[in-house]
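Notes for the one structure printed next.
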Amino acid sequence: MAAITKTPGIDQAARRSHRTRANLIALPILLVIGLVWVYPFLWTISAAFKTQAGMFTSGASLVPDQLNFDNFVRAWVNAGFSGYFFNTVLYSVASTLVELVKAALCGYVLARYEFPGRTLLYRMIVGTLFIPVASIIVPQFVLIENLGLLNTRAGVILAMSGGAGALYVLLFVGFFSSVPSDLFEAAKLDGAGFLKTFGLILPLAKPVIAVVVIFQFISSWNEFNIPLVFTLGQPDLQNLAVGMLSFQGEHATDWTGFAAGMTISFLPMLAIFLFFQNYFTRGLAGATKG
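Okay, so the sequence shown: first residue is 545 according to our numbering, each after it adds one.
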């Protein structure tokens, strides 16, 4: 009895047909999940252009009856969001730069230098991943107060960039460990010292830098506890996250103004992510190699 053989063309057609059916099933499911995820953001933006009455009468509709820009004027001027926005940008940019330099230097040393206690230090840094950030706010407060920086922008920046940043250090350790040793040897032969060699190699870490910038910038932008606790004596130094409380009155809440404030708040974060998105995936995928 002759053996039955399958031709490669039939097998490939069958596989393509199977993938097509799977895609037809998965695509609607993913669209529904994506809509559920993005709907709150779209509704917030829509509510920022609605009147107070229109917000409650339109239900789940994303289309405002009429465009109302007074909400943004009320948020920017009356609620003081112009000052909060400046503070937030300053805190986020400064703390991101400090955290980036700190994590890059630490990762560089741990990856390329052998010294007593290196393994212990590395394990301690990893261990800080399991410590809640909120648990160190009390010692941070005492330190900032003793330095005389309480109720100052410098104090807020120092506190926001004073965390261990363990994840960022691990990303840089993975990157610098994967860099060929020939580059470091060539730098030494050219007479480059520690900082000069670090400056020559760091530009190669653009994907990792992008990941650190995105994570730290978003974290600093959304930070609530530190700007609130460290500026109780100077409310004008607070950021957007704390400034949202301005819309909550004693007997009522300005919900449309709150929505406008939220829109003002998260649009810069979206812009930062879109700007660095080309490096983001590569940084997550390649930073831990080696």
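Beta carbons are placed, not taken as given, at the ideal position from N, Cα and C, and that holds for glycine.
Item: What's the C-alpha gap between Pro572 and Phe819?; Value: 29 Å
Item: If you draw a straight line from the alpha carbon of Trp581 to that of Ala754, how long is it in whole angstroms?; Value: 24 Å
Item: Pick out whichever of Leu784, Ser722, Ala655, Gln792 has its Cα sitting closest to the Cα of Ser636.; Value: Leu784
Item: Rounded to a whole number of angstroms, what is the C-alpha to C-alpha distance between Gln610 and Ser602?; Value: 11 Å
Item: Enumerated in chain order, which unbroken segments of the alpha helix (DSSP H) with a length of 4 residues or greater are wholly contained in the segment 713-789?; Value: 725-733, 738-745, 750-765, 769-773, 784-787
Item: Could you check whether Phe791 and Gly805 sit closer than 8 Å to each other, using their CB atoms as the reference points?; Value: yes
Item: Tell me the DSSP secondary structure of Ile816 in three-state form.; Value: helix
Item: Using the Cα positions of Phe742 and Ala698, report the straight-line distance between them to the nearest angstrom.; Value: 27 Å
Item: If you draw a straight line from the alpha carbon of Met813 to that of Lys646, how long is it in whole angstroms?; Value: 22 Å
Item: Buried or exposed: where does Thr564 fall if 16 or more other Cβ atoms within 10 Å of its Cβ makes it buried?; Value: exposed
Item: Given Ser626, which residues of its chain have a CB within under 7 Å of its CB, disregarding the five upstream and five downstream residues?; Value: Trp620
Item: Starting from Thr797, follow its DSSP beta bridges and name the residues at the other end.; Value: Gln792
Item: Nearest CA to the CA of Ser763: which residue from Ala638, Ile577, Ser722, Arg560?; Value: Ala638
Item: Report the three-state DSSP secondary structure of Ala623 (helix, strand or coil).; Value: coil
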